[in-house]
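Novice: Quick one: the structure is below, and I'll ask about it shortly.
There are 2 protein chains.
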Amino acid sequence: ETRDGPIWAATESYTCEIKSPKKESKLKGLKSFIAYQVIPSFSNIQVSRRYKHFDWLHKMLKEKFICIPVPPLPDKAIAGRYEDDFINERMKQLQYWMDRMVRHPVISHCDTFNHFLTCTDEKKWKVGKRKAEKDEFVGFKFFYTLDTPRQPLDVRDVESKMETFQKFVKGMDDNVKNLISVFHDNRKRHTGPFKKEFSRIGGAFKEAATTFNMDIGSYSRDLTAAIDYTGDTYNQIGEMYSKQPEKDIDPMHDMLYEYKGILGCFQMF
Amino acid sequence: ETRDGPIWAATESYTCEIKSPKKESKLKGLKSFIAYQVIPSFSNIQVSRRYKHFDWLHKMLKEKFICIPVPPLPDKAIAGRYEDDFINERMKQLQYWMDRMVRHPVISHCDTFNHFLTCTDEKKWKVGKRKAEKDEFVGFKFFYTLDTPRQPLDVRDVESKMETFQKFVKGMDDNVKNLISVFHDNRKRHTGPFKKEFSRIGGAFKEAATTFNMDIGSYSRDLTAAIDYTGDTYNQIGEMYSKQPEKDIDPMHDMLYEYKGILGCFQMF
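Sequence lines, in order, name chains H and V.
Residues in the first sequence are numbered consecutively from 1, following full-length UniProt numbering.
Residues in the second sequence are numbered consecutively from 1, following full-length UniProt numbering.
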């Protein structure tokens, strides 16, 4: 309990790096998959995990901690899942997710999460998996594992706080969806009409330079070159417009996507 | 004759200022009009001229000097010709025109032009007007007033130069029309879709700030203010897009319009 409301007790913090995606196979090459190397800072021992392991972990955490918003994993791949661009993009998104998970004082120290980060033995992995799946204290039962304060909370106070919070979540949900849509459109504008607009100006100057070039007098050479250069510059401005979203809109979009997933966790209340 | 081809003999140069437009009337107020004060630097005596006088002068010069491109006057007014914005805009355009005229070594020293710049007497003005209108050496006859070189020019050389020049004029005519259209569209983009795009982003941030404002914890006040400020900034960017054309596209457009008029003078060849 702090001035700003109750918070989880602080726990020791660590980080976890995800790197070196490798294509591996099993069943004598019949099945192939991408394995990512996961290295928690407290052990520095790397474990190899596939997307489906992340997916399993995510499912377990969501079931167990219904009162903790677990952000969404990156989407399942539909096509092109062995392409480098896709693998690197997914790794980046898994890293985002992991960064957020290890910062949570409860999740980052729970058994299932620890098992995922440290188990290197195939047999023990399966045992731990089964144990996690049989965990009784999932969903609302998780609350049995918490120490409650002796003094019960004031119901009216809780209800009023819940109401404000629900309004906030609803408002933010609308805001975030709107921002995603606005930035999505803005991305299209930058790579489409904005770029085209400046390319058109560039093209018009380049053509004017071609005409000026008919005049071969020495006095006009610099002017013609300047007009041509102006055309190139406008074309470059067009290119800059089309490249800009990678630098600002895309990261913003990724962050909003994650935030939308976190907000989605509150729908059950 | 110079290294770059023949040029007009240099003459003494001067400037001419157009200012203080005044609404005046005649026929006891039945007819009203705007008179501009025209002040040539060689005399510093101001004469009062209406648009219709400029128009007359323009017509005289075009008829007399068919071999000299006389740029167009601003368009005739259709509506709102007594509005301040219109009057100031027209004065600016008349000044452009005058600046170009006084720089021409032949036009700036011809009788008709001099009459326009200096005559303050109503009676003398009419006499000079009639004289100019009766000038015999107009159109192709103007060439009778020129001293020709003793050695005739090489016909093949002249023809080849004329051909290149015609191609150049045709090319420039297309270029200038294209540039005018491109800048015209660009102006519309800036005041329309570009502005709207940034206002949309601004609006989305402002809404998000409103939602964040539900959270009244002291720790979030700065963040909410920052999001709100971001919204304002995007709105301002939108405003800047819509104001930009006045600073670059409009002057460029005016210049291209003048250039288009000058190119139009060559259509008769």
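Every residue gets a Cβ at the ideal spot worked out from N, C-alpha and C, and that includes glycine.
#1: Along the chain, where does the beta strand (DSSP E) that runs through H/Val38 open and close?
#2: I want to know whether the segment 173-181 of chain V touches the segment 212-223 of chain V - three or more CB-CB distances under 8 Å.
#3: Tell me, please, whether the CB atom of H/Pro193 is closer than 8 Å to any CB atom in chain V?
#4: By the criterion of Cβ-Cβ separation under 7 Å, what are the contact partners of V/Val138 in chain H?
#5: Within 10 Å of its beta-carbon, does V/Gln126 have 16 or more other beta-carbons around it, so buried, or fewer, so exposed?
#6: Could you list which residues in chain H have their beta carbon closer than 7 Å to that of V/Met255, in chain order?
#7: Assign H/Tyr144 to one of two classes, buried (16 or more other C-beta atoms within 10 Å of its C-beta) or exposed (fewer than that).
#8: Taking V/Gly171 as the query, report the chain H residues whose CB atoms sit under 9 Å from its CB, ordered along the chain.
#9: Can you give me the start and stop residues for the alpha helix (DSSP H) that H/Val176 sits inside?
#10: Where residue 270 of chain H and H/Tyr36 are concerned, what is the direct C-alpha to C-alpha distance, given to the nearest angstrom?
#11: Flag this pair as touching only if the segment 37-48 of chain V and the segment 15-25 of chain V have three or more C-beta atom pairs under 8 Å; answer yes or no.
#12: Could you tell me the alpha carbon to alpha carbon distance between V/Ser242 and V/Arg187, rounded to whole angstroms?
#13: For the putative contact between H/Phe212 and H/Ile227, defined by C-beta atoms under 8 Å, what is the C-beta separation to the nearest angstrom?
#14: So, with DSSP's three-state summary, where would you put V/Ile18?
#15: Report yes or no: do three or more beta-carbon pairs, one from the segment 191-209 of chain H and one from the segment 225-239 of chain V, lie closer than 8 Å?
#16: Only counting the same chain, and skipping five residues up and downstream in sequence, which positions put a Cβ closer than 6 Å to that of V/Thr112?
#17: List the residues of chain V whose Cβ lies closer than 7 Å to the Cβ of H/Lys243, in chain order.
#18: Considering only DSSP beta bridges, list what V/Glu24 is partnered with.
#19: Give the interface partners of V/Lys161 over in chain H, defined as CB-CB distance under 7 Å, in chain order.
#20: Residues of chain H with CB closer than 7 Å to the CB of V/Glu197, please, in chain order.
#21: If you check the beta carbons only, do V/Asp85 and V/Leu73 fall under 8 Å apart?
#22: Under a three-way DSSP split, which group does V/Arg130 fall into?
#23: Keeping to the same chain, check which residues put their C-beta closer than 7 Å to that of H/Cys119; ignore five residues upstream and five downstream.
#24: Compare the Cα-Cα distances from H/Cys110 to each of H/Ile68, H/Arg90, H/Leu256, H/Lys247 and report the closest residue.
#25: Please report the residue range of the beta strand (DSSP E) in which H/Val106 lies.
#26: Round the Cβ separation of V/Phe168 and V/Lys64 to the nearest angstrom and send it over; I've been treating them as touching at under 8 Å.
#27: For V/Tyr234, I'd like the list of residues in its chain whose CB is within less than 7 Å of its CB, leaving aside the five on either flank, ordered along the chain.
#28: Per DSSP, what kind of secondary structure is H/Ser13 in: helix, strand or coil?
#29: Only counting the same chain, and skipping five residues up and downstream in sequence, which positions put a Cβ closer than 8 Å to that of V/Ala10?
#30: Using a Cβ-Cβ cutoff of less than 8 Å, which residues in the same chain neighbour V/Arg50 once the five nearest sequence positions on both sides are dropped?
#31: Taking the CB atoms as reference points, tell me whether V/Ile249 and V/Phe183 lie closer together than 8 Å.
#32: Rank H/Gln244, H/Lys170, H/Tyr229, H/Lys23 by C-alpha distance to the C-alpha of H/Glu83 and give the top, closest one.
#33: For a test of the three-state rule: what should DSSP assign to H/Ser218, helix, strand or coil?
#34: Sort out for me which residues DSSP pairs H/Val47 with in a bridge.
#35: Taking just the CA atoms, how far does V/Gln151 sit from V/His53?
#36: Only counting the same chain, and skipping five residues up and downstream in sequence, which positions put a Cβ closer than 6 Å to that of residue 270 of chain V?
Specialist: In terms of the structure at hand:
#1: 31-40
#2: no
#3: yes
#4: Neighbours of V/Val138 on chain H: none; closest Cβ ~30 Å, over 7 Å.
#5: A small correction: the amino acid at residue 126 of chain V is Lys; Gln does not occupy that position in the sequence shown. By the neighbour-count rule (16 or more Cβ atoms within 10 Å), V/Lys126 is not buried but exposed.
#6: None at all; the shortest Cβ gap to chain H is about 13 Å.
#7: exposed
#8: Glu207, Ala208, Thr210, Thr211, Phe212, Met214
#9: 155-189
#10: No answer is possible for residue 270 of chain H: it lies beyond the span of chain H, which begins at 1 and ends at 269.
#11: yes
#12: 8 Å
#13: 6 Å
#14: strand
#15: no
#16: Met60, Ala132
#17: Correct list: empty, because the minimum Cβ distance to chain V is about 17 Å.
#18: V/Phe33
#19: Those do not exist, as V/Lys161 stays about 11 Å from chain H at its closest Cβ, beyond 7 Å.
#20: Asn186, Arg189
#21: no
#22: helix
#23: Val47, Trp125, Gly128
#24: H/Ile68
#25: Unbroken run through H/Val106: none, as it is neither H nor E.
#26: V/Phe168 to V/Lys64, Cβ: 25 Å. No contact.
#27: Phe198, Ile201, Gly202, Phe205
#28: coil
#29: Pro105
#30: Phe33, Ile34, Ala35, Tyr36
#31: yes
#32: H/Lys23
#33: helix
#34: H/Val38
#35: 41 Å
#36: Absent from the model: residue 270 of chain V. The displayed extent of chain V is 1 to 269, so no value can be given.
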